[in-house]
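**Student:** Be aware that the sequence shown starts at -5, since it is given in this note's numbering, and climbs by one per residue.
Note that CB positions come from ideal geometry on N, CA and C, so glycine has one too.
It should be emphasised that the depicted structure is a prediction, and the values quoted were computed from it without experimental measurement.
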Amino acid sequence: MTAIEDEVQRRRTFAIISHPDAGKTTLTEKLLLFGGAIQLAGAVKARGEVRRARSDWMKVEQERGISVASSVMSYEYAGRAFNLLDTPGHEDFSEDTYRTLTAVDSAVMVIDAAKGIEEQTRKLFEVCRLRDVPIITFINKLDREGQDPFDLLDEIEQTLALDVTPASWPIGMGRDFLGCYDLFNDRLALMAKGAKGSLPTPGERCEGLDDPKLDKMLPADAVAKLRGDVEMVRGLCPAFDAEAYRAGTMTPVFFGSAVNNFGVRELLEGVAHLAPSPRPQPTTTRDIQPTEDKVTGFVFKIQANMDPKHRDRIAFVRLCSGPFRRGMKLFHVRTGKQMNMHNPVMFLARERELAEEAFAGDIMGVPNHGQLRIGDTLSEGENLRVTGIPSFAPEMLQKVRPKDPLRAKHLGRALQQIAEEGAARVFKPIMGADWIVGVVGPLQFEVLADRIRTEFDVPVLFESTALYTARWVTAEDPLVLKKFLDGNQASLAEDHDGDPVFLARNAWHLDRAAEDFPLIVFHKTKEQA
Ligand code: GDP
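(1) How many Å lie between L34 and V394 at the Cα?
(2) Can you tell which of Q283, G242, D170 and S68 has the C-alpha that lies nearest to the C-alpha of L212?
(3) Looking at the secondary structure, which residues open and close the alpha helix (DSSP H) in which H404 lies?
(4) On the CB-based measure, 16 or more other CB atoms within 10 Å of its CB, does E55 come out buried or exposed?
(5) Per DSSP, L378 is paired with what?
(6) Using the three-state DSSP reduction, which class does M67 fall into: helix, strand or coil?
(7) Have a look at G369 and V311 and give me their C-alpha separation to the nearest angstrom.
(8) Assuming I133 contacts A107 (C-beta within less than 8 Å), just tell me the rounded distance between them.
(9) If you draw a straight line from the C-alpha of A186 to the C-alpha of G197, how long is it?
(10) Nearest to P276 by CA position, among L378, R259 and F318, is which residue?
(11) Out of curiosity, what's the CA-to-CA distance linking A72 and A9?
(12) Unbroken alpha helix (DSSP H) runs of length 4 or more, entirely within the region 163 to 223: which are they?
(13) Excluding sequence positions up to five away, which residues of its chain have a Cβ less than 6 Å from the Cβ of Q297?
(14) Do the region 219 to 232 and the region 143 to 162 meet, that is, are 3 or more Cβ pairs less than 8 Å apart?
(15) By how many angstroms is the C-alpha of P272 removed from the C-alpha of T(-4)?
(16) Grouping DSSP H, G and I as helix and E and B as strand, with all else coil, what is D0?
(17) Quick check: the region 203 to 219 against the region 93 to 108, are at least 3 beta-carbon pairs closer than 8 Å?
(18) Under 8 Å Cβ to Cβ from L220, same chain only, skipping five residues before and after it: list those, please.
(19) Cutting at 7 Å between CB atoms, please list the residues of its own chain near L136, excluding the five before and the five after it.
(20) What does DSSP give as the partner residues of G359 in its beta bridges?
(21) Would you tell me roughly how many angstroms separate the C-alpha atoms of R6 and Q152, rounded to the nearest one?
(22) Quick one: what's got a C-beta closer than 8 Å to F516's C-beta in the same chain, skipping five residues either side?
(23) Of the choices L146, L124 and R125, whose alpha-carbon is the least far from that of I105?
(24) Return the chain-ordered list of same chain residues with a C-beta closer than 8 Å to the C-beta of E488, the five sequence neighbours on each side being excluded.
(25) How about K397 and P453: do their beta carbons lie closer than 8 Å?
(26) Are there 16 or more other CB atoms within 10 angstroms of the CB of L124, so buried, or fewer, so exposed?
(27) Would you say the beta carbon of N77 is closer than 7 Å to some non-hydrogen atom of the ligand GDP?
(28) Would you say P247 and L25 are within 8 Å of each other, going by their C-beta atoms?
(29) Would you say the region 438 to 458 touches the region 402 to 418, given that touching needs at least three Cβ pairs under 8 Å?
(30) With a threshold of 6 Å on Cβ separation, who are the neighbours of H267 within its own chain once the five nearest residues in sequence on each side are excluded?
(31) Since I believe F292 is in contact with I430 (beta carbons under 8 Å), could you give me their beta-carbon distance rounded to a whole number of angstroms?
(32) Go ahead and label E263 buried or exposed: buried means 16 or more other beta carbons lie within 10 angstroms of its beta carbon, across all protein chains shown.
(33) Below 7 Å, is the gap between the Cβ of P164 and the nearest heavy atom of the ligand GDP?
(34) Under the three-state reduction of DSSP, which class applies to H267: helix, strand or coil?
(35) For a test of your reading of the model: does the CB of G168 fall under 7 Å from any non-hydrogen atom of the ligand GDP? Yes or no.
(36) So, helix, strand or coil for G36, using DSSP?
Structure representation (structure tokens):
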């Protein structure tokens, strides 16, 4: 195996998807604990309340005030290098959350045992499904009374149309939760009470479920139930099939309790051994193999500076092939320009600050002044464009105006920047003075209002509109397009690139326009330029 192959094969780039409160933060901390990255674990918790939080190990962060610490968490475990990408799922829920999932090779889905599949889990799952991202499920909070494990498996299978297969099986639940039997490795792991701070032991190796050891270690009724349950679940669920898992059609299910650090080791082993290493990346011309020795990568997220004095942004680049070395110049395919990779923040598993090389699957944070946009490809000169980075249909549209009418121009500039980042869609109606902003989640409006106020010093008001949806309009024949545009001025707007957008008042309005102009194509999303 070459050095590049070796580096690629040991990488696991993944994200955790869950509904708020299912235990993602807790689980992340515990995963980092195993990886010896404990010093970072505190940073995870801080994320939600203040993104401004500084950590002293990252120079860029200090100099530019951009908090990138919790966006990518890298750690090593058992010879594997893990990149855990954060999918903000709370206050700052946005398209970034979705797009982050285009930069991972697999995902861990955390489910609260009492609540089952919740709204946001389902939404994020659907995004994973678009790319057939393999999913390992972790059912959390077994130390509390929850739903019956059989019902939970059934719910996952029914709601998400996935084959499920248990990787472990819980023994009891709530106050009677004793531990889990690892069905993949035949180990019995019991939960040590009051051992929150320490790493749990790997458990006791057993010779299958008939091993008399089990009778010694567990109360008789618990053993009997475990044997009965496992026999039943093995009859009901298909055996684990690595190919089906990697194709995204089957999920292995682990049970545990993140807060008690229980089941986390098994989950981590699961990611280490089952989850795929970086996959080939489709482009407009060919598939990039992760082991190629020329660098390619794409921007999947832009994070703006939280410090209003600086206008810098960090573009998060997922490497598709490598090795990338600090100080390299890369070719920015969209503009055709060479870009100097000044001080990229490299999230590497070992000795962060000294890290000089990165490979497929790794993430780099590239400070820039707005040249880099979501979906952009970087290469060593080859003219190719990574495909498959979705642009999401803005489902919610609101009017935005400055509280101080004299700040309208500033607002315009702020909105242009936000649109270029891909953080929201921005439309300027042909008639009327207000801007329209389109987002995918309602909380995004609050986040945007806060950003525009703090970064651009423009207090703004968002107001609901009577608009139903936005559609980018195109036509093969420019004359047809012109006729449509001329006839629909009152419902037209331009996006930040000046492309025409039809703003429909309701479904009927949209249908009517489509009927009247059959040669016009109405696009829900705009492909990333
Ligand atoms: P997130 O919103 O998904 O990041 O969830 P958090 O990790 O912040 O957890 C939400 C709440 O659930 C917190 O109060 C945690 O302490 C709690 N929690 C997390 N894991 C467990 C668990 O295994 N058992 C119990 N009982 N509570 C848990």
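**Tutor:** Result, derived from the coordinates:
(1) Stepping through the sequence shown from its first residue, residue 34 is reached at position 40. Stepping through the sequence shown from its first residue, residue 394 is reached at position 400. For L34, the predicted structure reports a pLDDT of 42, less than 50, and the residue's modelled location is therefore unreliable. A value from the coordinates is still provided. Going by the C-alpha atoms only, they are around 38 Å apart.
(2) Residue mapping note: residue 212 aligns to position 218 of the sequence shown, counting from 1. Considering only alpha carbons, the answer is D170.
(3) Here residue 404 refers to the residue found at position 410 when the sequence shown is read from its first residue. Segment A402 to E415, the alpha helix (DSSP H) holding H404.
(4) Walking along the sequence shown from the start, residue 55 turns up at place 61. Confidence at E55 is low in this model, with a pLDDT of 43, below 50, so its placement is unreliable and no value can be given for it.
(5) To locate residue 378, count along the sequence shown from 1; it is residue 384. Paired residues: none, contrary to the question.
(6) For the purposes of this step, residue 67 is identified with residue 73 of the sequence shown, where counting begins at 1. Correct three-state label for M67: strand.
(7) Residue mapping note: residue 369 aligns to position 375 of the sequence shown, counting from 1. Residue mapping note: residue 311 aligns to position 317 of the sequence shown, counting from 1. Those two C-alpha atoms are separated by around 10 Å.
(8) In the sequence shown, the residue the question calls residue 133 occupies position 139. In the sequence shown, the residue the question calls residue 107 occupies position 113. Correct: roughly 5 Å between the Cβ atoms.
(9) Working through the sequence shown from its first residue, we reach residue 186 at position 192. Working through the sequence shown from its first residue, we reach residue 197 at position 203. Their backbone Cα atoms lie some 11 Å apart in a straight line.
(10) Your numbering for residue 276 matches position 282 in the sequence shown. For P276, the nearest C-alpha among the options comes from L378.
(11) By one-based count along the sequence shown, residue 72 stands at place 78. By one-based count along the sequence shown, residue 9 stands at place 15. Cα to Cα, A72 sits roughly 19 Å from A9.
(12) 206 to 211
(13) Start at 1 with the first residue of the sequence shown, and residue 297 comes out as number 303. If we look at Q297 and ignore the five residues flanking it on each side, its Cβ neighbours are I308.
(14) yes
(15) Residue numbering aside, residue -4 sits at position 2 when the sequence shown is read from its first letter. Residue numbering aside, residue 272 sits at position 278 when the sequence shown is read from its first letter. Looking at the two C-alpha atoms, the distance is approximately 16 Å.
(16) Translated into positions along the sequence shown, residue 0 becomes position 6. Residue state, collapsed to three classes: helix.
(17) no
(18) The count along the sequence shown starts at 1 and reaches residue 220 at position 226. Once the five neighbours on either side are set aside, the close Cβ partners of L220 are W163, I165, Y175, L203, L208 and L212.
(19) Taking the sequence shown and counting its residues from 1, one reaches residue 136 at position 142. Taken in chain order, the residues that qualify are A107, P164, M167, F171, F249, G250 and S251.
(20) Position 365 of the sequence shown, counted from the first residue, corresponds to residue 359. Paired residue(s): F310 and V339.
(21) Locating residue 6 in the sequence shown gives position 12, where the first residue counts as 1. Locating residue 152 in the sequence shown gives position 158, where the first residue counts as 1. Straight-line Cα distance between these residues: approximately 28 Å.
(22) For this step, residue 516 is matched to residue 522 along the sequence shown. The residues are R465, W466, V467, F496, L504, A507 and A508.
(23) Looking up residue 105 in the sequence shown gives position 111. That would be L146, whose Cα lies nearest to the Cα of I105.
(24) Within the sequence shown, the letter at position 494 stands for residue 488. Taken in chain order, the residues that qualify are F421, K422, I424, P494 and V495.
(25) For the purposes of this step, residue 397 is identified with residue 403 of the sequence shown, where counting begins at 1. For the purposes of this step, residue 453 is identified with residue 459 of the sequence shown, where counting begins at 1. Yes, the pair counts as a contact, with Cβ atoms nearer than the cut-off.
(26) Counting from 1 along the sequence shown, the entry for residue 124 is found at position 130. Per the 10 Å Cβ criterion, exposed.
(27) Counting from 1 along the sequence shown, the entry for residue 77 is found at position 83. Answer for N77: no, Cβ out of range of the ligand GDP.
(28) To locate residue 247, count along the sequence shown from 1; it is residue 253. To locate residue 25, count along the sequence shown from 1; it is residue 31. As written in the sequence, residue 247 is Val, which differs from the Pro given in the question. Not closer than 8 Å, so no.
(29) yes
(30) Counting from 1 along the sequence shown, the entry for residue 267 is found at position 273. There are no such residues.
(31) As a working note, residue 430 is residue 436 in the sequence shown. As a working note, residue 292 is residue 298 in the sequence shown. About 29 Å separates the two Cβ atoms, so there is no contact after all.
(32) If you number the sequence shown from 1, residue 263 lands on position 269. The residue in question, E263, is buried, as its Cβ has 16 or more Cβ neighbours within 10 Å.
(33) Along the sequence shown, read from residue 1 onward, the residue named residue 164 stands at position 170. No - the ligand GDP has no heavy atom lying nearer than 7 Å to the Cβ of P164.
(34) If you number the sequence shown from 1, residue 267 lands on position 273. In the structure shown, H267 sits in a helix (DSSP, three-state: H, G or I).
(35) Sequence index remark: in the sequence shown, residue 168 carries index 174 (1-based). Answer for G168: no, Cβ out of range of the ligand GDP.
(36) By 1-based counting over the sequence shown, the position of residue 36 is 42. Low per-residue confidence applies at G36: pLDDT is 40, beneath 50, and the placement is therefore not dependable, though the value from the model is reported in the following sentence. Here G36 sits in helix by DSSP.
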